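Peer 1:
Residue numbers (this note's numbering): 1 to 224.
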């Protein structure tokens, strides 16, 4: 494999090193373009191009006037030639796993866990662009696994999140995003959280199934 060369490649490797060695967590703000450029010895325009490339692969999220943030549950970009799961495979796995996690969530969730779910719901309600909503959507779904306090289920949730860190999935989500669909997803999310608060495992499981079937139909046109 030929190593990419040139100022943008140098800048990108520097940014990736900053992320991996700087103790940044999902959602953390990265150094400014000026700081990154000075440290990498390149221009701000080069840094901007490198950040745009990382945003395209889902490693970072950029907001005009606010800066660049490490994406929720960001993972290193897979090596060249590594296979991505298809969106259909991802949705099949989510429908198998995520509803079945919820009965454990219902029995194990603390008030602090439920407060975090409501924080994510508020973030989704306030989101107005696809990338922002996707961040809160990811955090909310992972909060259900975190609330199980079961490391195996938490790791399974993380694996599902990692599988979505790819351009094809991100493109599908961006193209399907609309204010009306965002509101519908928010309402479905609230139904899931309400069932958890009611300590009703069957209702929580079914609310998740309804939501994920809607997501699958929206992304894949699959009505089965």
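Glycine residues also receive a C-beta, built at the ideal position from the N, C-alpha and C atoms. A quick note: this is a predicted structure, and the numbers were derived from the prediction, not measured.
Quick one: residues in its chain with C-beta nearer than 6 Å to the C-beta of residue 123, no 5 flanking neighbours on either side, listed in chain order?
Peer 2: Within the same chain, residue 123 has close Cβ partners 136.
Peer 1: Using the C-alpha atoms, what's the distance from residue 184 back to residue 13?
Peer 2: 40 Å
Peer 1: Among the candidates 72, 169, 159, 29, whose CA atom is the shortest distance from the CA of residue 65?
Peer 2: When each option's Cα is compared against that of residue 65, the closest is 29.
Peer 1: Could you please give the first and the last residue of the uninterrupted beta strand (DSSP E) stretch that includes residue 69?
Peer 2: 67–70
Peer 1: Does residue 134 pass the burial test, meaning 16 or more other C-beta atoms within 10 Å, or should it be called exposed?
Peer 2: Residue 134 counts as buried, since no fewer than 16 other beta carbons sit within 10 angstroms of its beta carbon.
Peer 1: Using a threshold of 8 Å, state whether the C-beta atoms of residue 50 and residue 44 are closer than that.
Peer 2: no
Peer 1: Between the C-alpha atoms of residue 79 and residue 198, what's the straight-line distance to the nearest angstrom?
Peer 2: Residue placement at residue 79 is poorly supported in this model, since its pLDDT is 41, which falls under 50; the coordinates still yield a value, given next. Residue 79 and residue 198: Cα-Cα distance of roughly 44 Å.
Peer 1: Less than 8 Å separating the beta-carbons of residue 98 and residue 212?
Peer 2: yes
Peer 1: Should residue 240 and residue 163 be called a contact, given that it needs their Cβ atoms to be closer than 8 Å?
Peer 2: Any answer about residue 240 is impossible in this case: the structure gives the chain only from 1 up to 224.
Peer 1: Please confirm whether residue 114 and residue 196 have their CB atoms less than 8 Å apart.
Peer 2: yes
Peer 1: Output needed for residue 93: all residues of its chain with C-beta closer than 7 Å, excluding positions within five of it in sequence on either side, in chain order.
Peer 2: Excluding sequence neighbours, residue 93 sits near 160.
Peer 1: Starting from the Cα of residue 103, find the closest Cα among 216, 221, 209 and give me that residue.
Peer 2: 209
Peer 1: Given a cut-off of 8 Å on the beta-carbon distance, is the pair residue 70 and residue 19 in contact?
Peer 2: yes
Peer 1: Taking DSSP as the reference, what is the three-state secondary structure of residue 62?
Peer 2: strand
Peer 1: Name the residue from 149, 88, 121, 126 whose alpha carbon lies nearest to the alpha carbon of residue 107.
Peer 2: 149
Peer 1: Let me know if residue 15 comes out buried or exposed under the rule of 16 or more other beta-carbons within 10 Å of its beta-carbon.
Peer 2: Looking at its Cβ environment, which holds 16 or more other Cβ atoms inside 10 Å, residue 15 is buried.
Peer 1: By Cβ distance, which residues of its chain are closer than 7 Å to residue 144, with the 5 residues on each side in sequence left out?
Peer 2: 101, 102, 105
Peer 1: Run the CB neighbour count on residue 59, radius 10 Å, all protein chains shown included, and call it buried at 16 or more, exposed below.
Peer 2: buried
Peer 1: Since residue 181 and residue 218 should fall inside the 8 Å C-beta cutoff, what is the C-beta to C-beta distance between them, to a whole number of angstroms?
Peer 2: 7 Å
Peer 1: Nearest by alpha-carbon distance to residue 68: which of 41, 25, 88 is it?
Peer 2: Looking at the Cα atoms, 25 is the closest of the given residues.
Peer 1: Please return the same chain residues whose Cβ sits closer than 7 Å to the Cβ of residue 62, not counting the five positions on each side in sequence.
Peer 2: 51, 55, 68, listed in sequence order.
Peer 1: Roughly how many angstroms separate the alpha carbons of residue 146 and residue 6, rounded to a whole number?
Peer 2: 42 Å
Peer 1: Tell me, which residues are paired with residue 29 by DSSP?
Peer 2: 69
Peer 1: Quick one: is residue 76 buried, meaning 16 or more other Cβ sit within 10 Å of its Cβ, or exposed?
Peer 2: Caution applies to residue 76, whose pLDDT of 46 falls short of 50 and renders its modelled position unreliable; the model cannot decide the point.
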